[in-house]
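Visitor: Below you'll find the structure I mean.
Protein chains: 4
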Amino acid sequence: MKVLVTGFEPFGKEKINPALEAVKRMKDKIQGAEIIKLEVPTVFNKSIKVLDKSIKEHTPDIVICVGQAGGRSNLTIERVGINIDDARIPDNDGNQPIDKEVFKDGENAYFSSLPIKAIVNELIKEKIPAEISNTAGTYVCNHLMYGLLYLIDKKYKNIKGGFVHVPFIQEQVLDKKNTPSMFLDEITRGLNVIVKASIKYDKDIKVTGGTTC
Amino acid sequence: MKVLVTGFEPFGKEKINPALEAVKRMKDKIQGAEIIKLEVPTVFNKSIKVLDKSIKEHTPDIVICVGQAGGRSNLTIERVGINIDDARIPDNDGNQPIDKEVFKDGENAYFSSLPIKAIVNELIKEKIPAEISNTAGTYVCNHLMYGLLYLIDKKYKNIKGGFVHVPFIQEQVLDKKNTPSMFLDEITRGLNVIVKASIKYDKDIKVTGGTTC
Amino acid sequence: MKVLVTGFEPFGKEKINPALEAVKRMKDKIQGAEIIKLEVPTVFNKSIKVLDKSIKEHTPDIVICVGQAGGRSNLTIERVGINIDDARIPDNDGNQPIDKEVFKDGENAYFSSLPIKAIVNELIKEKIPAEISNTAGTYVCNHLMYGLLYLIDKKYKNIKGGFVHVPFIQEQVLDKKNTPSMFLDEITRGLNVIVKASIKYDKDIKVTGGTTC
Amino acid sequence: MKVLVTGFEPFGKEKINPALEAVKRMKDKIQGAEIIKLEVPTVFNKSIKVLDKSIKEHTPDIVICVGQAGGRSNLTIERVGINIDDARIPDNDGNQPIDKEVFKDGENAYFSSLPIKAIVNELIKEKIPAEISNTAGTYVCNHLMYGLLYLIDKKYKNIKGGFVHVPFIQEQVLDKKNTPSMFLDEITRGLNVIVKASIKYDKDIKVTGGTTC
């Protein structure tokens with residue numbers, strides 16, 4: 004079994020991307036599965052192309068993309084990617100799409116095919132704060148999540164895939180007032196747990212990760 | 004022209020629903036259009052049935068559903084409804100669906116057909132804090148938003164529809180520490196502006212309301 | 004009876020100061036008492052001098068200073084002013100004191116002599132969100148609060164005095180994401196209630212406004 | 004040289020107190036100084052008595068009390084303790100003082116005599132998120148901080164003392180939505196750094212840790 008895990012380059016004013024740092028530090032073997040680690044550019048379209056090429060090359064069974072969600076306290080397992088690009092700031096190549104579709108022939112949205120509730124449960128058992136998120140935003144993170152699930156739908160039916168957001172790490176908040184962060188080694192440990200749960204659960208479990216608004 | 008605006012009954016531990024209170028206080032005529040006000044139950048499925056019945060009866064041109072998002076500071080114009088019910092607490096009839104589809108034959112998601120960016124712009128011009136939201140949650144609010152857009156897609160192609168979340172009002176936060184609220188009359192004024200903008204703009208404007216996570 | 008109420012000039016990147024705007028809009032007579040309104044500069048030392056001069060001129064019975072606390076959701080009635088100036092940004096005259104005493108011969112701190120719990124209670128009865136705050140910061144707001152209470156201690160023993168922080172108003176948060184604000188007319192109404200309660204209660208009431216950290 | 008470090012028993016609904024857990028895990032020797040670790044009850048008055056007894060017994064040069072501030076993201080070095088007990092919930096012995104003085108013959112407040120800015124600087128150099136706080140609340144934490152500084156002022160003039168608040172640790176937020184936490188080993192590492200900086204700096208450094216409200 005092979006699991007492809009991707010992390011983004013830094014973007015915006017940040018000099019590092021905790022997603023990428025954590026991905027690099029992950030184990031190389033988890034439950035017997037080979038972990039393939041890929042850096043993707045924080046660039047619309049190009050990020051999906053780099054991902055597609057790597058999927059073709061490595062033929063993974065599971066793909067997990069990881070991005071930074073500064074300001075969140077917990078690991079958040081994304082539920083859904085939506086067919087929209089709407090960027091508040093330019094990406095690393097200067098593109099700033101506004102209200103454009105990711106793919107014209109795609110569904111309005113795709114749901115993660117990872118066992119997202121089971122993943123949260125396993126993380127909590129391991130004392131790593133985690134919850135479901137219902138939005139990956141409208142920037143490159145959502146773009147890549149949607150792109151991955153589009154590719155799975157169109158070309159790679161047997162792959163399970165989804166997206167995980169990680170908080171800032173400590174060194175990113177040293178100059179910020181009262182901003183949540185997570186210890187890098189704990190994020191890394193969390194990613195290992197996420198892979199393990201993704202391998203272990205063929206079907207997701209039925210527990211609520213719901214909201215009330 | 005007719006505009007149907009709905010507000011929910013109170014739910015959870017709250018005794019009033021600011022969405023309903025504001026809807027009740029809206030003008031009866033806006034830009035010559037008749038405003039039809041409808042209370043909907045905070046109940047899965049039943050809320051959509053009540054809405055469908057009212058659409059049949061009144062044949063509105065525009066439908067705007069309004070709900071409470073406690074903890075948010077601003078009026079939030081929802082971008083997308085997703086095909087999932089995942090309730091953290093039971094609804095007012097005791098139903099608590101977990102990871103069920105709203106409609107089996109629906110799309111994964113539907114985008115609001117209101118001019119959401121133009122609405123935010125008009126609200127800001129009127130000094131009412133507002134922004135785009137990318138998630139209406141997974142409770143009865145998202146359920147009704149998705150249901151409305153499903154009905155439009157299947158049966159009422161000419162209707163424009165969408166969903167707006169409003170903050171707590173002052174009397175709801177008096178016993179809470181440091182929780183944002185909005186003055187009820189300002190929410191009401193905001194809803195009037197939202198209807199006006201929805202009538203005025205056939206096509207949405209191209210400005211970013213995007214995010215960076 | 005006379006009540007002196009002060010509001011600061013705008014500071015930092017803000018073009019208006021909601022404290023000053025609300026003070027200007029207050030009633031001129033409350034419970035028979037004359038309300039004297041004073042604009043004070045957002046400047047260390049000078050603000051206290053302007054206040055002292057006005058106290059000498061008007062001989063008020065009660066003095067309430069009002070400032071902006073951007074990011075807070077509620078009216079906050081300050082409990083204590085501390086003998087320290089520690090400015091994160093320069094004041095409106097370019098001064099940026101770091102860890103200096105406000106007055107060398109002052110106490111380490113002075114407690115508000117307003118009936119702060121009774122004020123919160125009356126505000127809540129009037130449906131205006133309010134709570135006690137245990138810190139007025141270390142900028143010009145705390146400086147003026149401390150200065151007022153120092154002057155009372157040294158020269159004006161019969162005056163009751165204290166400080167109130169108000170949230171941003173709507174027009175200040177229009178370009179900010181999810182930031183709490185309060186409707187200006189509600190802040191103004193709140194200040195009128197605060198004066199009324201300050202006149203009504205000679206002694207404060209015994210209810211908790213406490214914290215648990 | 005001897006440094007006494009105290010941690011509280013758990014209180015409220017929490018089963019553990021991260022302050023105590025971190026104190027227990029601290030080094031026994033730092034820069035040649037002996038570290039004495041003391042558990043104190045989360046009880047008004049009794050906590051100060053236990054502290055006083057331990058000071059008498061051990062004659063430390065530095066005393067650092069540590070408590071939990073759930074909801075804060077960073078290590079916060081407290082600037083000032085105030086002469087007030089105002090408890091929102093009962094302490095572990097059922098006492099709930101409201102607006103009582105800690106000591107009738109004490110100052111209104113005492114400032115920490117630790118080098119608080121230098122401590123924050125050293126923590127940041129070590130990549131541990133930290134900032135100055137201007138309020139330790141009005142519960143047992145402030146009570147003990149004030150009590151310590153009162154004892155120093157009255158009886159132990161040569162001791163340097165102060166208070167540090169620590170965030171929730173991960174296992175405390177697993178059932179909470181989006182609540183900041185810090186990795187226990189990082190809190191522990193932070194406490195070691197705080198002791199080191201307290202030994203190293205006789206005088207505090209002049210940098211701003213100020214606020215703007």
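In order, the protein sequence lines correspond to chains P, D, F and W.
For the first sequence, the working numbering assigns the number 4 to the initial residue and increments by one for each residue that follows.
For the second sequence, the working numbering assigns the number 4 to the initial residue and increments by one for each residue that follows.
For the third sequence, the working numbering assigns the number 4 to the initial residue and increments by one for each residue that follows.
For the fourth sequence, the working numbering assigns the number 4 to the initial residue and increments by one for each residue that follows.
We put the beta carbon where it would ideally sit given N, CA and C, even for glycine.
This one's a predicted model, so the numbers in the text were calculated from it and none came from an experiment.
1) Give the DSSP bridge partners of E134 (chain F), in chain order.
2) Below 8 Å, can you find three or more Cβ-Cβ pairs linking the stretch 179-187 of chain W to the stretch 102-111 of chain W?
3) Taking 8 Å as the threshold (beta carbon to beta carbon), is L221 (chain F) in contact with chain D?
4) Quick check on this structure: which residue in W:E134, W:T45, W:E17 and W:K5 has the alpha carbon closest to the alpha carbon of F11 (chain W)?
5) At a Cβ cut of 7 Å, what residues of the stretch 70-102 of chain P count as close to chain W, listed as they run along the chain?
6) At the 8 Å Cβ level, is K209 (chain W) part of the contact set with chain F, yes or no?
7) Could you tell me whether the Cβ atoms of H168 (chain F) and S50 (chain F) are closer together than 8 Å?
8) Check whether the stretch 133-153 of chain P and the stretch 53-71 of chain P are in contact - that is, three or more C-beta pairs closer than 8 Å.
9) Which stretch, first to last residue, makes up the beta strand (DSSP E) that contains G10 (chain F)?
10) May I ask you to report which of helix, strand or coil DSSP gives Q173 (chain W)?
11) Within 10 angstroms of its Cβ, does E134 (chain F) collect 16 or more other Cβ (buried), or is it exposed?
12) Three or more C-beta pairs closer than 8 Å, one from the stretch 208-215 of chain D and one from the stretch 33-43 of chain W: is that the case here?
13) Report, in whole angstroms, the separation of the C-beta atoms of K18 (chain P) and I39 (chain P), which I expect to be a contact under 8 Å.
14) Report yes or no: do the stretch 168-179 of chain F and the stretch 56-65 of chain W share at least 3 C-beta pairs separated by less than 8 Å?
15) Quick check on DSSP: helix, strand or coil for I51 (chain W)?
16) Label N161 (chain P) either buried or exposed according to how many other C-beta atoms from any shown protein chain fall within 10 Å of its C-beta, with 16 as the threshold for buried.
17) Using a C-beta to C-beta distance shorter than 9 Å, which residues of chain F count as neighbours of T182 (chain D)?
18) With distances taken from CA atoms, which of P:L117, P:I197, P:F171 and P:I190 is nearest G74 (chain P)?
19) Beta-carbon within less than 6 Å of P93 (chain F)'s beta-carbon, same chain only, minus the 5 sequence neighbours each way: which residues are those?
20) List, in order along the chain, the chain F residues whose C-beta lies closer than 7 Å to that of F114 (chain W)?
21) My guess is that K163 (chain W) and S201 (chain W) are in contact by the Cβ rule of under 8 Å, so how many angstroms apart are they, rounded?
22) Looking at the C-beta of C1 (chain F), does it have a partner C-beta in chain W at a distance below 8 Å?
23) So is G97 (chain W) buried or exposed if we call it buried at 16+ other beta carbons inside 10 Å?
24) Quick check: E81 (chain D) and S57 (chain D), are their CB atoms within less than 8 Å of each other?
25) What does DSSP give as the partner residue(s) for F106 (chain D) in the beta ladder?
26) Does the Cβ-Cβ distance between Y113 (chain W) and L54 (chain W) come in under 8 Å?
27) Can you tell me the Cα-Cα spacing of I227 (chain D) and K52 (chain P), whole angstroms?
28) Under three-state DSSP, which class holds G165 (chain P)?
29) Kindly indicate the opening and closing residues of the alpha helix (DSSP H) around K180 (chain W).
30) So what does DSSP say about K128 (chain F), is it helix, strand or coil?
31) At a Cβ threshold of 8 Å, is E60 (chain D) touching chain F?
32) Please list the terminal residues of the continuous beta strand (DSSP E) segment that includes Y113 (chain F).
33) Is the beta carbon of G193 (chain P) closer than 8 Å to that of L126 (chain P)?
34) Suppose you measure from the CA of K16 (chain W) to the CA of L23 (chain W); what does that come to, to the nearest Å?
35) Which bits of chain F does I127 (chain D) rub up against, with CB to CB less than 9 Å?
36) For E37 (chain W), does the three-state DSSP call read helix, strand or coil?
Guide: With the given structure in hand:
1) Residue numbering aside, residue 134 (chain F) sits at position 131 when the third sequence is read from its first letter. Answer is F:T79.
2) no
3) What the structure shows of chain F is the stretch from 4 to 216, and residue 221 (chain F) is not part of that stretch, so it cannot be assessed.
4) Reading the fourth sequence from its first residue, position 8 is the one you call residue 11 (chain W). The shortest C-alpha separation from F11 (chain W) is found at W:T45.
5) R75, S76 and N77
6) To locate residue 209 (chain W), count along the fourth sequence from 1; it is residue 206. Yes, K209 (chain W) counts as interfacial toward chain F.
7) Locating residue 168 (chain F) in the third sequence gives position 165, where the first residue counts as 1. Locating residue 50 (chain F) in the third sequence gives position 47, where the first residue counts as 1. No. Outside cutoff.
8) yes
9) The residue you call residue 10 (chain F) lines up with position 7 of the third sequence. From DSSP, the beta strand (DSSP E) with G10 (chain F) extends over K5 to F11.
10) What you label residue 173 (chain W) is simply residue 170 of the fourth sequence in a count that begins at 1. Note: Q173 (chain W) maps to helix in three-state DSSP.
11) Taking the first residue of the third sequence as 1, we reach residue 134 (chain F) at position 131. By the neighbour-count rule (16 or more Cβ atoms within 10 Å), E134 (chain F) is buried.
12) no
13) As a first step, residue 18 (chain P) is located in the first sequence; it is residue number 15 there, counting from the start. As a first step, residue 39 (chain P) is located in the first sequence; it is residue number 36 there, counting from the start. 26 Å between Cβ atoms; not a contact.
14) no
15) Locating residue 51 (chain W) in the fourth sequence gives position 48, where the first residue counts as 1. It is helical.
16) Along the first sequence, read from residue 1 onward, the residue named residue 161 (chain P) stands at position 158. Label assigned to N161 (chain P): exposed.
17) The residue given as residue 182 (chain D) occupies position 179 in the second sequence. The answer, in chain order, is S76, N77, P132 and P183.
18) Translated into positions along the first sequence, residue 74 (chain P) becomes position 71. Closest by alpha carbon: P:F171.
19) As a first step, residue 93 (chain F) is located in the third sequence; it is residue number 90 there, counting from the start. Hits under 6 Å: Q99.
20) Residue numbering aside, residue 114 (chain W) sits at position 111 when the fourth sequence is read from its first letter. Going along chain F in sequence order, the residues near F114 (chain W) (Cβ under 7 Å) are N111.
21) Translated into positions along the fourth sequence, residue 163 (chain W) becomes position 160. Translated into positions along the fourth sequence, residue 201 (chain W) becomes position 198. K163 (chain W) to S201 (chain W), Cβ: 7 Å. Contact.
22) The first residue shown for chain F is 4 and the last is 216, placing residue 1 (chain F) beyond what the model contains.
23) By one-based count along the fourth sequence, residue 97 (chain W) stands at place 94. Exposed: under 16 other Cβ atoms inside 10 Å.
24) Translated into positions along the second sequence, residue 81 (chain D) becomes position 78. Translated into positions along the second sequence, residue 57 (chain D) becomes position 54. Their beta carbons are not under 8 Å apart, which means E81 (chain D) does not touch S57 (chain D) by this criterion.
25) In the second sequence, counting from the first residue as 1, residue 106 (chain D) sits at position 103. Answer by DSSP bridge pairing: none, since F106 (chain D) is not bridged.
26) Position 110 of the fourth sequence, counted from the start, is the residue given in the question as residue 113 (chain W). Position 51 of the fourth sequence, counted from the start, is the residue given in the question as residue 54 (chain W). In this structure, L54 (chain W) does not lie closer than 8 Å to Y113 (chain W) by Cβ.
27) This structure does not reach residue 227 (chain D), given that chain D is present from 4 up to 216, and the question cannot be answered.
28) Numbered from 1 along the first sequence, position 162 holds the residue referred to as residue 165 (chain P). Here G165 (chain P) sits in strand by DSSP.
29) By 1-based counting over the fourth sequence, the position of residue 180 (chain W) is 177. Element bounds for K180 (chain W): n/a, residue is neither H nor E.
30) The residue given as residue 128 (chain F) occupies position 125 in the third sequence. Here K128 (chain F) sits in helix by DSSP.
31) Counting from one through the second sequence, the residue named residue 60 (chain D) turns up at place 57. No, its Cβ sits nowhere closer than 8 Å to a Cβ of chain F.
32) As a first step, residue 113 (chain F) must be located in the third sequence, where it is residue number 110. A112 to F114 is the span of the beta strand (DSSP E), which, as asked, contains Y113 (chain F).
33) By 1-based counting over the first sequence, the position of residue 126 (chain P) is 123. By 1-based counting over the first sequence, the position of residue 193 (chain P) is 190. Result yes, Cβ atoms of L126 (chain P) and G193 (chain P) sit closer than 8 Å.
34) Taking the fourth sequence and counting its residues from 1, one reaches residue 16 (chain W) at position 13. Taking the fourth sequence and counting its residues from 1, one reaches residue 23 (chain W) at position 20. One C-alpha to the other measures close to 16 Å.
35) Position 124 of the second sequence holds residue 127 (chain D). By Cβ distance, chain F contributes L177 and D178.
36) Stepping through the fourth sequence from its first residue, residue 37 (chain W) is reached at position 34. The answer is strand: DSSP assigns E37 (chain W) an E or B state.
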